[in-house]
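Input: a single structure, listed below in structure tokens.
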Amino acid sequence: MSLTFTNIRILDPESGTDKIGDIRIEDGKIAELGPDCKVSGTVIEGQGLCAAPGLIDMRVTTGEPGRENRETLATAAQAAISGGVTAMVVMPGTDPVLDDMALIDYVMRRGENLPVDIHVAGALTKGLSGETMTEIGLMQGAGAVMFASGKSPIRDAQMMRRLLSYSASFNALISNHCMTPEMSNGTVAHESDFSSRLGLTAAPAVSERMMAERDVALAELTGGRVLLDLVSSAEVLPVLRRAKAKELDVAASVSINHLALNELDIGDYRTFAKLEPPLREERDRQALLAAVNDGTIDVIVSDHDPRPAGEKRLPYAESSPGAVGLELLLAAGLSQIADGALEILPFLAALTCNPADLLGLDSGRLRVGAAADLVIFDPNEPWVCDASKLRSRSKNTPFDGRRLTGRVRHTVKKGEIVYSA
Amino acid sequence: MTHDFDAYPFEREHCLSISDFHRVDVERLLELGARYLNLDEQKDGNREVLRGKTLINLFFENSTRTEKSFELAGKRLGADVISMQVASSSVKKGETLLDTAATLNAMNPDLLVVRHGSSGAPALLSQKVSCSVINAGDGMHEHPTQALLDALTLRDAFDGDIGGLQIAICGDILHSRVARSNVQLLNLLGANVRLIGPPTLIPTDADRWGVEVFHDMETGLKGCDVVMMLRLQMERMKGAFVPSKREYYHFHGLTRAKLAHAKPGALVMHPGPMNRGVEISSDVADDPDISLITNQVGAGVAMRMAILHALSDAQDARRKSGDAA
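These protein sequence lines are chains S and C, in that order. Numbered per my numbering, the first sequence spans residues 26 to 446. Numbered per my numbering, the second sequence spans residues 1398 to 1722.
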């Protein structure tokens, strides 16, 4: 079983490669890479297309177990491959919460025969209640790649300190939702001129900054590894830059929604653009894009959060936040690249080698001998998003009806084409 | 029978927000409202206007004056009026807003008056029903008919023109849908608007609304022609916004002493219901020489008749052109 792509633009963010060449795949691995490869097996002409490592999405919520009407691992996997995602980390906020090694094992086994790698984030506290530490070491042994706080942050600073300190002995990555609950709970929007005109209860961006400052301080105190999950404002970026200047083990993720949309997309109370954290101002969006380009933000995630229509077709304040994103992650980013707002290698790094480094995975690189997980895309193809055509079981996307530039053509998993547009 | 709508027809389908209207729409509405201010016209006038039409009042929040004034306005124009008691309806049994909308829509109402605790709920409803929707207050967003009746009251008090007036809106701006609608409408009509309130009750970036913001009443009231007081909305407050009613009244309650800083003869308004001794003292509220508060209630019926009338005419015109096509 072999496969060759010829005359394709090879993009490997880890090595900084951006050149035209061939890729030959044998037995599920990359056998040869570069100009004038030997051609064998199925040959796909790659003129005008790009090849990059298959994307790693570090934040995906599914409904399995417990809310299969939203999404199962299998439907999420189908959505993933149509978006060029070949590995994803599923969040622990299921029913029951993934706070025990048996549950980690269960989800991993459910994901075994799917066309994407399913990695599991264990719950940081029992039931995600923020009160009792889970068996971080045992869950890591069972395969959990990181530990997450869930939708609400670890509120108690002493608890967070102990979590960081304890997990440091396992070198485990901890992700904490970056907001101050006392300021943000009960609010549904970003505090601004726009939201106050709409009469929506809102929290200021400083809510995010305060939690980021605390977690950075605690990371410094304990030597733990922390991921500031889903940063969304310009105000948090100086905190991150300071932490990185001190060489602390602090990383940050941003959702593709916050790179592509701003608060005005709420428009006339469009609940499909209701997200957590909320969409912010255009200057925040611009600052986040710049922070991806300069590497301040390490990871881009889809923050895939499937919600049935019934939870969205409600008055704004009462509707659930969240959007699906696995299928649109790459296209929404490529659209920003087409607009000149984002650079392609930093963008891809935030979706491939950076998450792989944080999670300790081998994937996310194009190199000879590595597993052939690839996404082949046309960076310039224009198309219009139609939510009803999404493969995800839930169709809640703020991109419905939007024009996008750039589209996945093929997704290759272990040397096999698992998706073609 | 007909009115002077010929120059520019009023074509709006709904009344959801002041920003849906342009100046001419507003002038048409106020012109019609002024006609209905005349009690002879209002009570013995043409009851054929809404003959055969059904008006449903759908109030998810308690209301006395708004609901009754819509009911009276509908009846005085000859409509069949029903008021939904939401507290005793299936909404309490978990039915969603859109289920309720579908149920009501099946009864073929022509006009639906909605008050809801969530900002944007009437707009959502208007997408799912085939009748005209009138926003009678949604969360902290807008209360357009209140703003229109306030403008009508002011026009009546200032001989038909409020351009150039200095109008202070005071108190709990943050939670007030009345303030949000009034700022837009009064600006549209050429008045100069100021907002006065403690910093915790003034919305973020309110200075970008085309208003001046003050935190001190004495400074803010200087040179004002009209002082519009707002109710301190304790029920929408989670946590502390002001330390006590006593301190609030001391610094932000309207008394004769504070009113003395405004222009001599300045008039006082309040959308009701009032918290006497919290945001306004009784002797100011009850002084007929300076208080427009009861005029506002009277203008409420007239203005709502005008709104129902205009929406209904626009509906007829649309149906007629639909038939012709």
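Just so you know, even glycine gets a beta-carbon here, dropped at the ideal spot from N, CA and C.
Under three-state DSSP, which class holds residue i?
i       : result
S:A312  : helix
S:C203  : coil
C:I1453 : strand
S:I322  : coil
C:R1715 : helix
S:S413  : helix
C:L1571 : coil
C:F1402 : Note that C:F1402 scores a pLDDT of 47, beneath 50, so its modelled location is shaky; the value from the coordinates is reported in the next line. Coil.
S:A395  : coil
S:P32   : Here residue 32 of chain S is Asn; the residue named in the question, Pro, does not match the sequence. The answer is strand: DSSP assigns S:N32 an E or B state.
S:T157  : coil
S:P407  : strand
S:E301  : coil
Between which residues of its own chain and residue i is the CB-CB distance below 7 Å, once the five residues before and five after are set aside?
i       : result
C:F1638 : T1597, L1598
S:E451  : For residue 451 of chain S there is no data in the structure shown, the boundaries of chain S being 26 and 446.
S:D290  : A298, L304, P423
C:E1464 : N1454, F1456, S1480
S:L123  : P117, I129, V132, V145, G147, A148
Identify which residue in the options has its Cα closest to the Cα of residue i.
i       : options                            : result
C:E1428 : C:T1550, C:A1498, C:T1691          : C:T1550
S:P229  : S:T205, S:V241, S:G248             : S:T205
S:L391  : S:T31, S:G347, S:A182, S:E57       : S:E57
S:K269  : S:A366, S:H283, S:A244, S:D254     : S:A244
C:C1412 : C:Q1630, C:V1608, C:L1509, C:R1448 : C:L1509
S:A148  : S:I69, S:P121, S:E260              : S:P121
C:D1417 : S:D293, S:E137, S:R186             : S:D293
C:S1573 : C:P1668, C:G1587, C:T1652, C:V1608 : C:P1668
S:C378  : S:S27, S:M26, S:E39                : S:E39
S:G41   : S:D61, S:G71, S:E368               : S:E368
C:M1671 : C:A1499, C:A1431, C:K1525, C:D1569 : C:D1569
C:G1697 : C:A1499, C:V1478, C:A1533, C:L1656 : C:A1533
S:A363  : S:R84, S:V114, S:G66, S:T430       : S:T430
CA-CA distance, residue i and residue j?
i       : j       : result
S:T29   : S:A357  : 28 Å
S:A316  : S:E307  : 14 Å
C:R1552 : C:D1558 : 6 Å
S:N405  : S:G118  : 37 Å
C:H1540 : C:Q1581 : 11 Å
C:V1530 : C:E1410 : 8 Å
S:K63   : S:I322  : 38 Å
S:A105  : S:S190  : 34 Å
C:A1476 : C:L1469 : 10 Å
C:L1664 : S:S327  : 56 Å
S:P331  : S:R310  : 23 Å
C:G1517 : C:L1494 : 12 Å
C:M1398 : C:V1446 : Residue placement at C:M1398 is poorly supported in this model, since its pLDDT is 38, which falls under 50; the coordinates are not used for a value here.
C:K1619 : C:A1659 : 5 Å
S:L351  : S:A102  : 9 Å
S:L339  : S:T296  : 8 Å
With a threshold of 6 Å on Cβ separation, who are the neighbours of residue i within its own chain once the five nearest residues in sequence on each side are excluded?
i       : result
S:A214  : S220, L225, A227, P303
C:F1467 : N1454, V1510, R1701
S:G501  : With chain S covering only 26 through 446, there is no way to say anything about residue 501 of chain S.
S:C75   : R34, L36, F402, P404
C:E1458 : R1512, G1514
S:P60   : G46
S:T111  : G79, V141, D398, K438
C:G1506 : The residue you asked about is not Gly; residue 1506 of chain C is Pro in the sequence shown. Within the same chain, C:P1506 has close Cβ partners T1451, I1453, C1528.
C:G1560 : G1587
S:Y341  : Y294, T296
S:A77   : L36, L373, V400
Taking 7 Å as the line, does the beta carbon of residue i fall inside it for any heavy atom of the ligand NAD?
i      : result
S:I179 : With respect to the ligand NAD, the structure offers nothing, as it holds no ligand at all.
In chain order, what residues of the same chain lie with their CB nearer than 8 Å to the CB of residue i, ignoring the 5 residues before and after it?
i       : result
C:R1591 : Q1563, I1564, A1565, I1566, V1608, E1609, V1610, F1611, G1617, C1621
S:A446  : S107, R432, V433, R434, H435
S:G53   : M26, A396, A397, K439, G440, E441
S:L314  : L284, Q361, A366, L367
Every unbroken beta strand (DSSP E) within the region 331–380 of chain S, with a cutoff of 3 residues, ordered by chain: Within the region 331–380 of chain S, there are no complete beta strand (DSSP E) runs of at least 3 residues.
Curious, which full-length beta strand (DSSP E) runs of at least 3 residues does the region 1494–1553 of chain C contain? Counting only runs of 3+ residues, the beta strand (DSSP E) found wholly inside the region 1494–1553 of chain C occupies 1508–1513, 1529–1535, in chain order.
Just to confirm the assignment: which complete beta strand (DSSP E) runs, minimum length 3, are found wholly within the region 78–115 of chain S? Counting only runs of 3 or more residues that sit fully inside the region 78–115 of chain S, the beta strand (DSSP E) segments are 80–85, 110–115, in chain order.
Enumerated in chain order, which unbroken segments of the alpha helix (DSSP H) with a length of 4 residues or greater are wholly contained in the region 189–248 of chain S? Uninterrupted alpha helix (DSSP H) stretches at least 4 residues long and entirely within the region 189–248 of chain S occur at 206–209, 218–223, 231–247, given in chain order.
Could you tell me which whole alpha helix (DSSP H) segments of length 4 or greater appear in the region 1656–1685 of chain C? Within the region 1656–1685 of chain C, the complete alpha helix (DSSP H) runs of at least 4 residues fall at 1679–1682.
To test your reading of the DSSP string, which unbroken alpha helix (DSSP H) runs of 4 or more residues are found completely within the region 120–145 of chain S? If only uninterrupted alpha helix (DSSP H) runs of at least 4 residues are considered, those enclosed by the region 120–145 of chain S are 126–135.
Complete runs of the beta strand (DSSP E) confined to the region 1584–1646 of chain C [at least 3 residues]: As far as the region 1584–1646 of chain C is concerned, its whole beta strand (DSSP E) runs of at least 3 residues are 1589–1593, 1609–1611, 1623–1626.
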